[in-house]
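Residues 823 to 1069 in our numbering are what the sequence shown spells out, letter by letter. A virtual CB, placed ideally from N, CA and C, is assigned to each residue, including glycine. What you are looking at is a predicted structure, and each value in this text was computed from that prediction instead of being measured. Working notes for the structure below.
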Amino acid sequence: MQPDTDIISAIERYLWRTGYSRLSPRAALIDMDGTLIDSMKWHTRAWHRMMTELGVECSPDEFYLYEGMTGAATIDLLIRRAFGRPATEKEKTELYELKTGYFNEYPRVATVAGARRMVDILMAHGITRVLVTGSGQPSNIARLDNDFPGGFPHELRITSHSVSHGKPHPEPYLKGMELAGAKPWECIAIENAPLGVESASRAGAFTVAVTTGPIPEEAMWEKGADMVFPSMEAFADLLPELLDKPT
Ligand code: CA
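And the structure:
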């Protein structure tokens, strides 16, 4: 399928679904893993390795479906499925540390192609950038300063530590809006995972999904995406037009 490049009709659909009267972007709420850094392959591998060692039957690819959830929520989900009981707080902490350790053994991941250009365009247009990640991995969050110089101010970051409900709950994106001091119709959310799209869409942001992994674009539309792009490069190409389009 071709990317939906019809900005006007995407905005019309957004106004219809939200009931807002306009879209006036001044903040961008941006997911990290799979959106800014090309880390999902190693995350799924680290999750699969840790859970398999624990005796939990699972497939590496199923972890793409949990992308956006906090580590604690993912651990709880799998423990409940395998052992029929909730995960303890100790397990949530220790197993997430184990998984993070495995991730850090793998090669350093690259940024997603086009992500740097996307962030540069936002900066050039004076759009406030807020990081909205379900991650709590310090190594990935810290590298943003190198990979996107000036792109993500430290005071404008929502991580797993900032919220009581992770994606797909709208809380992470609602808190991101609060940090930006922006209303939902002033926010563009940029996501790569269905649960993240659901969170952003429910929070009322104009939600852009970029398919950077194996998840089909239909899953993004189903969760409430307002536009879907086949790559970050394709989104970056269209972004200036989206930002210049007043409604
Ligand atoms: Ca993601």
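Taking all protein chains shown into account, decide if D855 is buried (16 or more other Cβ within 10 angstroms of its Cβ) or exposed. The residue in question, D855, is buried, as its Cβ has 16 or more Cβ neighbours within 10 Å.
Could you give the first and the last residue of the continuous beta strand (DSSP E) run that contains R951? Element bounds for R951: T950 to V954.
Bridge partners - I1012, DSSP secondary structure assignment: Note: I1012 sits in a beta bridge opposite I852 and V1030.
For I830, count neighbouring C-beta atoms within 10 Å of its own C-beta (all shown protein chains included) and say buried if the count is 16 or more, exposed if not. Its Cβ having fewer than 16 others within 10 Å, I830 is exposed.
Could you spell out the range, first to last residue, of the alpha helix (DSSP H) harbouring M945? Start and end: A937 to A946.
With a cut-off of 8 angstroms, do at least 3 Cβ pairs link the region 913 to 928 to the region 966 to 980? The region 913 to 928 vs the region 966 to 980: no contact.
If contacts are defined as beta-carbon pairs under 8 angstroms, then S961 and N926 qualify, I think. What distance do you get, rounded to the angstrom? That belief holds up - the Cβ atoms of S961 and N926 are roughly 6 angstroms apart, short of 8 angstroms.
What separation, rounded to the nearest whole angstrom, lies between the Cα atoms of M872 and R907? Spanning the two alpha carbons is a distance of roughly 18 angstroms.
On the DSSP letters alone, give me the boundaries of the beta strand (DSSP E) that F1051 sits inside. Run containing F1051: M1049 to F1051, per the beta strand (DSSP E) assignment.
Quick one: measure Cβ to Cβ for P1016 and M1049, integer angstroms, because I've assumed they're closer than 8 angstroms. About 15 angstroms separates the beta carbon of P1016 from that of M1049, a gap too long to meet the 8 angstroms contact definition.
Member of V952, G841, L837 and R867 whose CA lies at the smallest distance from the CA of D883: The option with the nearest alpha carbon to D883 is R867.
Suppose only complete runs of 4+ residues qualify. What are the alpha helix (DSSP H) ranges in the region 856 to 892, listed by chain order? Taking only runs of at least 4 residues, the alpha helix (DSSP H) segments lying wholly in the region 856 to 892 are 862 to 875 and 884 to 887.
Across the region 1050 to 1063 and the region 929 to 949, are there enough close Cβ pairs to call them in contact, namely three or more that are closer than 8 angstroms? Counting Cβ pairs under 8 angstroms, three or more are found: they touch.
Cutting at 8 angstroms between CB atoms, please list the residues of its own chain near S986, excluding the five before and the five after it. Excluding sequence neighbours, S986 sits near E993.
Three or more C-beta pairs under 8 angstroms: does that hold for the region 834 to 850 against the region 883 to 893? The region 834 to 850, when compared against the region 883 to 893, does not touch it at the 8 angstroms Cβ threshold.
Near D898, what residues of its chain come up, given a Cβ to Cβ distance below 8 angstroms and the 5 sequence neighbours on each side ignored? Contacts found: P908, A909 and K914.
Among residues of its own chain, excluding the 5 on either side of V941, which ones have a beta-carbon nearer than 6 angstroms to its beta-carbon? Cβ neighbours of V941 beyond the five flanking positions: F970 and G973.
Following the continuous alpha helix (DSSP H) through F1057, name the residue where it begins and the one where it ends. M1054 to D1066 is the span of the alpha helix (DSSP H), which, as asked, contains F1057.
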